[in-house]
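Taking it in order: structure first as structure tokens, then the write-up.
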Amino acid sequence: MNKLEIAARIAELRQFIDTANYKYYVLSQPEVDDRVYDNALKELQELESENPEFFDAASPTQRVGSDINQEFEQVAHAFPMLSLDNTYNKEELIEFEKRNKRILNENFEYICELKYDGASISLHYENGKLLRAVTRGDGEKGDDVTANVKTIKSIPLTLKGKSYPGVFEIRGEIFIPHKGFEKMNEERREQQLPEFANPRNAASGTLKMQNSSLVAKRPLDCFLYYLIGSRLPFDNHYDNMQAARDWGFKVPDIIIKCQSIDEVLGFIEKWETGRKNLPFDIDGVVIKINSLRQQEILGMTAKSPRWATSYKFKAEQALTLLESISYQVGRTGAITPVANLSPVQLAGTTVKRASLHNADQIALLDIRVGDFVYIEKGGEIIPKVVGVEKSKRLAGSKPTEYISHCPECGTRLIRTEGEAKHFCPNTDGCPPQIKGKLEHFVSRKAMDIGLAEATIEQLFDEGLVNTVADFYQLKNEDLLKLDRFAEKSADNLIKSIEESKNVPFERVLFALGIRFVGETVAKKLARSIGSIDLLMAADFEKLVSIDEIGDKIASAIIEHFSVQKHLDIVEGLKKAGVQLAIKESQAPQSNLLAGKSLIISGTFSKYSREQIKELIEKHGGKNVSSISSKTDYLVAGENIGPSKLEKIKELNIPILSEDEFLEMIG
Ligand code: IVH
């Protein structure tokens, strides 16, 4: 092929793929065989890479995304992305109607649409090509997410026909349909990743992903509902949206004209129940004045347009039979009562289980087995029981008696004052709690050993691993006996365990799962104390003298190391060669400041504040943030606020200059 023929072939392929995408993703009418589509795409990719002079940012090959991590650039919106006023009942809608009548003082028409529950987006087109896609952000400026948005196949990169304005903006909602959402979460469960709570979070989370080739794998879709530009084809919203549909946009066909608020109410009523059968989430209806001239007369407030409002639906509920209550023991020993329900459809998914929260909630709502209960989806993954249909209660039903003993290990449950949940106190002997500790130990931020939850379960059930130290006793032969393992996977695990011996002490300390010792606290402790032996030997006074370590953490540490089993674990880890002390470079350099509290203020010339802080800690001191009579020294830089200085003088706290401080620590 000569260049001319190549150019023609490229144009032909682009046109073919664009049309196939449009039919499949916008019209939901697949027409092209998958293989034919794939071949065309492949041929186009090859031609483009061999002939880079024909590159086009709007080519369908650009939809696959890229692996390069992007930083989002902030872009100001030419027109602010406002929110909508909400109404919740007929009366509030009638208020809206009255205001429109008063201001317009002539006939007007409403347009009703669904209120899509996703992430709003603004798309900019120039000469029929997608130029930029920007998130709502704070309404004034948003993130340029063009690379991610290009992967959404229902958004045209090149417009159809010729009748679109040269420059315009179109806004809409990016969302994930129910089916895609369920599949996505299923995959996340398999990969042991946290699930998304709802399609909206999943959509907005995906839109902000830095790697657009991963975005391309997510089932995003986009409805468009608002056209902005100085040369729009029509003088009203409805006709403009129909035109936008002809240009290739996915404009919902659930959109109606209404001449009265009664008709609006009819639409609302229809979709309040009808939404159950939609394949995506909506959270209400949007009502807009149709005429652009009238929209302009009505104008906007700083927050929202006066020409539109939304009617918000109540959270969707379903009524179903409570068949039984089971009690789950969490990884921390917390007990959660769970309702086992007759399966019921709710907001696009089948629900069989729902949370009952805790004993108080069950008592408050007087929830009993055999009751018909209302369930609702909140922001969380698991729906919750929100009420009981008492009229359906059978005679002879009995109030629920909360369990008194752990369903997993039989230990008597405790309930600490002020805590809503019951706890199983058998932290070292209760299977889910043990597994929780094992999972925490291997997790990425801790020892980073490549082990799935199900494998841990199996290792525990087979008696191969009971404590975190047992991981280091595992041998290839042990693993090969389990059906989960083949040569290679067994080798990999042993290797990963071996590598964990290089994990620095601060992460090992975090991995131990001592109560209240999270990542930051572990880091603090490791750096200021230096080794597990010194930590175990430290008394309460010593612990609380460390910056940011309070009574609660200190007691938890002392309690942890008062248990023989925990001492044995440390011994086991030591023998295995796990890092139980910090490396020389991080170790405390002296005890010159031991027991002393120092406050840092002002700006310094030789060191940064952070470095001064580190120096204090390296020499055994504690850096405190507020002045009190217990403060031993002020390390003073330049430009200290006058009120602070006054307080320091009042309390007679000695002041050290940067040089004096450095001299003090040698
Ligand atoms: S019109 C200035 N139409 O709701 C009004 N918005 O609370 C422009 N939304 O940020 C928006 N469905 O993300 C409009 N059919 C619809 C909508 C819709 C959902 C979202 C949109 C907006 C928010 C306002």
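If you read the sequence shown in the working numbering, its first letter stands for residue 142, the second for the next number, and so on.
Glycine included, each C-beta is placed from N, C-alpha and C at the ideal position.
No experiment lies behind these values; they were computed from the predicted model shown.
Residues in its own chain within less than 6 angstroms of residue i by CB, not counting five upstream and five downstream?
| i | result |
| --- | --- |
| Tyr543 | Ala500 |
| Gln215 | Lys282 |
| Asn418 | none |
| Ser703 | none |
| Asp422 | Asp258, Pro340 |
| Ser538 | Arg509, Gly511 |
| Pro420 | Pro318, His319 |
| Ala219 | none |
| Gln458 | Tyr515, Glu517 |
| Lys144 | none |
Could you check whether residue j and residue i sit closer than 7 angstroms to each other, using their CB atoms as the reference points?
| i | j | result |
| --- | --- | --- |
| Tyr257 | Phe364 | yes |
| Val510 | Ser465 | yes |
| Leu298 | Gly269 | no |
| Tyr229 | Lys444 | no |
| Leu463 | Asp424 | no |
| Gln333 | Ala631 | no |
| Arg648 | Ala587 | yes |
| Ser746 | Ile781 | no |
| Ile402 | Glu236 | no |
| Ile151 | Leu188 | yes |
| Ile369 | Glu310 | yes |
| Ser483 | Ile523 | no |
| Thr541 | Ile503 | yes |
| Arg312 | Tyr367 | yes |
Using CA coordinates, which residue listed in the options is at the minimum distance from residue i?
| i | options | result |
| --- | --- | --- |
| Gly206 | Gln186, Ala288, Ile158, Asp174 | Ala288 |
| Ala456 | Arg656, Ser465, Thr414 | Thr414 |
| Asn377 | Gly604, Glu250, Leu756, Lys533 | Glu250 |
| Met441 | Asp424, Gly259, Arg240 | Arg240 |
| Asp179 | Ile158, Ala631, Lys586, Leu168 | Ile158 |
| Leu792 | Gly778, Gly782, Cys399, Ile768 | Ile768 |
| Ile698 | Gln705, Asp688, Leu684, Asp709 | Leu684 |
| Gly302 | Asn352, Ile311, Ala219, Arg386 | Arg386 |
| Val644 | Arg585, Arg329, Ser261, Ile670 | Arg585 |
| Asn732 | Met805, Gly691, Glu437 | Met805 |
| Pro548 | Phe220, Asn567, Glu603, Phe802 | Asn567 |
| Leu355 | Lys539, Ile209, Asp624 | Ile209 |
| Gly307 | Gly537, Trp388, Tyr366, Glu247 | Trp388 |
| Ser169 | Ala459, Thr160, Gln486 | Thr160 |
| Gly691 | Ile317, Val662, Phe195 | Val662 |
| Gln469 | Ala480, Ala459, Thr461, Leu460 | Ala480 |
| Leu373 | Glu331, Phe408, Ser304 | Ser304 |
| Glu323 | Leu600, Leu255, Thr491 | Thr491 |
| Asp394 | Met382, Gln203, Lys493, Leu615 | Met382 |
| Leu264 | Glu247, Glu254, Val290, Gly278 | Val290 |
| Gly577 | His563, Phe601, Glu558 | Phe601 |
Thinking residue i and residue j are a contact (beta carbons under 8 angstroms), I'd like their distance in whole angstroms, please.
| i | j | result |
| --- | --- | --- |
| Gly713 | Tyr613 | 7 angstroms |
| Cys565 | Ile655 | Actually they do not touch by this definition, with Cβ atoms about 18 angstroms apart. |
| Gly471 | Ala344 | Not really, about 29 angstroms apart at Cβ, beyond 8 angstroms. |
| Gly283 | Thr276 | 4 angstroms |
| Gly591 | Asn633 | 7 angstroms |
| Val426 | Ala449 | Incorrect: roughly 11 angstroms between the Cβ atoms, too far for contact. |
| His760 | Leu797 | Contact doesn't hold; Cβ gap of about 13 angstroms is too wide. |
| Gly280 | Met222 | 5 angstroms |
| Ile396 | Ile296 | Not a contact, Cβ separation roughly 19 angstroms. |
| Lys737 | Gly778 | Wrong, their Cβ atoms sit about 18 angstroms apart, outside the cutoff. |
| Lys398 | Asn431 | 7 angstroms |
| Val765 | Ile740 | 5 angstroms |
For residue i, which residues from the same chain have a beta carbon less than 7 angstroms from its beta carbon, with the 5 sequence-adjacent residues on both sides left out?
| i | result |
| --- | --- |
| Gly570 | Cys550 |
| Asn192 | Ile147 |
| Gly519 | Lys525 |
| Ile438 | Ile244, Leu245 |
Who are the Cβ neighbours of residue i in its own chain at under 8 angstroms, not counting the five residues just before and after it?
| i | result |
| --- | --- |
| Ser672 | Phe646, Leu721, Ala722, Ile723 |
| Asp619 | Leu605 |
| Gly346 | Phe337 |
| Lys785 | Ser742, Ile768 |
| Thr552 | His546, Cys565, Pro566, Asn567, Gly570, Cys571 |
| Lys693 | Phe657 |
| Arg155 | Leu185, Asp197, Ser200, Pro201, Thr299 |
Could you tell me whether the Cβ of residue i comes closer than 7 angstroms to any Cβ of chain C?
| i | result |
| --- | --- |
| Asn339 | Here chain C cannot be found, since the structure has a single protein chain. |
Q: Identify every run of the beta strand (DSSP E) within the segment 198-285, keeping only runs that are complete inside it and at least 3 residues long; order them along the chain.
A: 215-217, 251-257, 260-267, 270-276, 282-284
Q: Output the residue ranges of the beta strand (DSSP E) runs that lie fully inside the segment 596-681 and measure 3 residues or longer, sorted by chain position.
A: none
(Q) In chain order, what are the residue ranges of uninterrupted beta strand (DSSP E) at least 3 long that sit wholly in the segment 346-374? (A) 362-369
Q: Go through the segment 526-593 residue by residue and report every complete run of the alpha helix (DSSP H) that reaches 4 residues or more, in order.
A: 572-583
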